[in-house]
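2 protein chains.
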Amino acid sequence: MSRKTGVLELAVLGLLHESPLHGYELRKRLSAVFGPVKRISYGSLYPCLKDLVATGLIAEDAAASVSGVGKRGRTVYKLTAEGKERLQDQLGEHGPSAWEDESFGVRMAFFAQTDADVRLKILEGRRSRLEERREKVSSAMSRTREKLDRYTLELQQHGLESVEREVRWLNELIATERSPAGGPGRGAVTARPRSAKSPG
Amino acid sequence: MSRKTGVLELAVLGLLHESPLHGYELRKRLSAVFGPVKRISYGSLYPCLKDLVATGLIAEDAAASVSGVGKRGRTVYKLTAEGKERLQDQLGEHGPSAWEDESFGVRMAFFAQTDADVRLKILEGRRSRLEERREKVSSAMSRTREKLDRYTLELQQHGLESVEREVRWLNELIATERSPAGGPGRGAVTARPRSAKSPG
DNA sequence: CGTGCGATGTATCAAGTTGATACATCATCC
DNA sequence: GGATGATGTATCAACTTGATACATCGCACG
Chain A
0 MSRKTGVLEL
10 AVLGLLHESP
20 LHGYELRKRL
30 SAVFGPVKRI
40 SYGSLYPCLK
50 DLVATGLIAE
60 DAAASVSGVG
70 KRGRTVYKLT
80 AEGKERLQDQ
90 LGEHGPSAWE
100 DESFGVRMAF
110 FAQTDADVRL
120 KILEGRRSRL
130 EERREKVSSA
140 MSRTREKLDR
150 YTLELQQHGL
160 ESVEREVRWL
170 NELIATERSP
180 AGGPGRGAVT
190 ARPRSAKSPG
Chain B
0 MSRKTGVLEL
10 AVLGLLHESP
20 LHGYELRKRL
30 SAVFGPVKRI
40 SYGSLYPCLK
50 DLVATGLIAE
60 DAAASVSGVG
70 KRGRTVYKLT
80 AEGKERLQDQ
90 LGEHGPSAWE
100 DESFGVRMAF
110 FAQTDADVRL
120 KILEGRRSRL
130 EERREKVSSA
140 MSRTREKLDR
150 YTLELQQHGL
160 ESVEREVRWL
170 NELIATERSP
180 AGGPGRGAVT
190 ARPRSAKSPG
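Chains as they are written, first to last, in numbering that gives the first Met the number 0: chain A, 0 to 199; chain B, 0 to 199.
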């Protein structure tokens with residue numbers, strides 16, 4: 000159900016949980032959730048919305064004018080009770096599908112509505128996934144180091160360091176999750192000093 | 000010609016320039032070129048190969064057994080003269096299509112066969128592209144900082160720092176490109192010290 | 001006032017891609 | 001002898017993309 004990508008469904012449900020939205024606005028917010036890469040096209044959004052309406056997880060409200068006279072037929076979508084339930088179910092999932100590349104970002108974007116233990120499981124799952132990848136890339140590099148030109152090598156080195164950097168980031172997030180949440184003097188976001196870099 | 004993605008075509012031509020390959024091996028190498036994300040499926044590789052054969056840029060050699068008796072019909076693909084020309088054309092391109100997200104990695108993977116001035120243009124183009132993105136993300140963050148929960152904020156902060164890191168990386172690459180290439184005591188890869196990190 | 005322009009807004013479609021699947025050969029181990 | 005898994009070619013329904021069409025709105029410029 001709901002096409003190939005459960006991620007899109009989740010993102011839509013999550014966004015509509017905050018407030019009802021029409022397609023255009025929904026798409027803009029989805030672009031924010033999915034990041035600068037990977038944009039969502041209407042060709043996948045509309046079918047997804049159609050499915051969600053058909054399944055009864057969301058409802059469309061065609062006559063929703065904003066404040067004055069009928070502006071135009073903007074179909075506004077909102078979560079139904081079933082949709083809220085479904086969203087809670089999805090937010091409770093903490094298997095591999097939650098920490099793969101396509102879904103992790105979306106899952107974390109809705110961490111505010113996610114239980115603390117689930118958050119932790121997902122972060123740890125993501126970390127092992129990346130450590131796995133680091134191992135693979137790293138060993139592939141030592142196997143082929145001699146044969147590669149400097150550019151390929153630079154590319155792989157940069158990729159490897161990106162993975163390592165994300166692992167460190169996850170380590171910090173996990174540590175923050177595990178530490179007691181109410182301590183004094185702690186900001187909303189883990190206050191990392193931006194590691195006083197040399198200017199270029 | 001050659002479907003939607005010119006990038007795949009370029010990658011195939013580039014790989015076949017090094018040596019003739021059959022589909023399976025080609026796909027493995029493409030996976031390396033395109034990175035751990037974004038894998039190439041046969042559903043796009045085979046049509047691409049078919050196109051390239053039809054256009055006369057590559058040729059297939061069905062009877063190519065490796066060394067002994069006929070193993071099985073492995074169709075081996077190799078570059079034609081036209082294909083080599085085409086590859087040179089593509090490697091000479093240094094417009095936006097060379098430094099967008101989908102193509103930059105592939106372009107850089109074949110930098111060893113690319114002219115120095117073209118390399119520099121692509122690296123600089125990529126850098127402006129990322130600086131542009133950094134500006135957008137950065138200003139979007141300051142506009143919405145108050146409204147966002149810590150997780151969304153962490154996500155965006157991490158994204159922003161990833162972009163900044165890639166810009167620094169490009170700065171180093173560009174500096175290396177501009178400095179005289181034959182200096183003594185320089186390794187194959189720019190010998191960056193891995194920035195003595197605190198352990199955690 | 002009109003008219004051109006860009007943002008907002010809904011919707012569709014040809015062309016292209018994915019993930020699964022089918023099928024066959026080969027090497028290795030039990 | 002047969003089970004398992006890597007190598008290898010190939011296809012297809014279901015799905016996504018990028019382009020396009022179309023309409024409304026605000027608003028600046030002459």
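All C-beta atoms in this analysis are idealised placements derived from N, C-alpha and C, irrespective of residue type, glycine included.
- Judged by their CB atoms, ARG164 (chain A) and ARG164 (chain B) are nearer to each other than the 9 Å cut-off.
- Taken in chain order, the complete alpha helix (DSSP H) segments of 4 or more residues contained in the segment 104-153 of chain B are 115-143.
- Against chain A, a Cβ distance below 7 Å from ASP148 (chain B) picks out ALA111.
- In the displayed model, LYS77 (chain B) falls within a strand according to three-state DSSP.
- DSSP places GLU92 (chain A) in no beta strand (DSSP E); its state is neither H nor E.
- Of all alpha-carbon atoms in A:PRO46, A:SER30, A:LEU14, the one lying nearest the alpha-carbon of ILE39 (chain A) is that of A:SER30.
- If you draw a 10 Å sphere on the C-beta of TYR45 (chain A), you find fewer than 16 other C-beta atoms in it, and that means exposed.
- Residues of the segment 14-45 of chain B with a C-beta less than 7 Å from any C-beta of chain A: GLY34, PRO35, VAL36, listed in chain order.
- When DSSP reads this structure, LEU20 (chain A) sits in a beta bridge with A:TYR76.
- Distance between ALA108 (chain A) and GLY55 (chain B), taken at the CA atoms: about 48 Å.
- The beta carbon of VAL52 (chain A) sits closer than 8 Å to the beta carbons of ALA58, GLU59, TYR76 from its chain, once the five residues preceding and following it are set aside; these are given in chain order.
- For TRP168 (chain B), the closest Cβ of chain A is nearer than 9 Å.
- Note that the C-beta distance between ALA10 (chain B) and VAL32 (chain B) is below 9 Å.
- Here THR74 (chain B) is exposed: its Cβ has fewer than 16 other Cβ atoms, across all protein chains shown, within 10 Å.
- Cβ proximity to chain B below 7 Å picks out PHE110, ALA111 from the segment 110-130 of chain A.
- When DSSP states are grouped into helix, strand and coil, ILE39 (chain A) belongs to the coil group.
- The bridge partners DSSP lists for ALA10 (chain A) come to none.
- Across the segment 84-99 of chain A, no CB contact with chain B closer than 7 Å is found for any residue.
- Listed along chain A, no residue sits closer than 9 Å to THR54 (chain B) by beta-carbon distance, the nearest being about 27 Å off.
- In summary, TYR41 (chain A) is exposed, with fewer than 16 beta-carbon neighbours lying within 10 Å of its beta-carbon over all protein chains present.
- Proximity of chain A to ARG132 (chain B) at the Cβ level (cut-off 8 Å) is accounted for by PRO35, in chain order.
- Taking 9 Å as the cut-off, the Cβ atoms of LEU129 (chain B) and VAL166 (chain B) count as close.
- SER161 (chain A) places its beta carbon less than 9 Å from that of SER161 (chain B).
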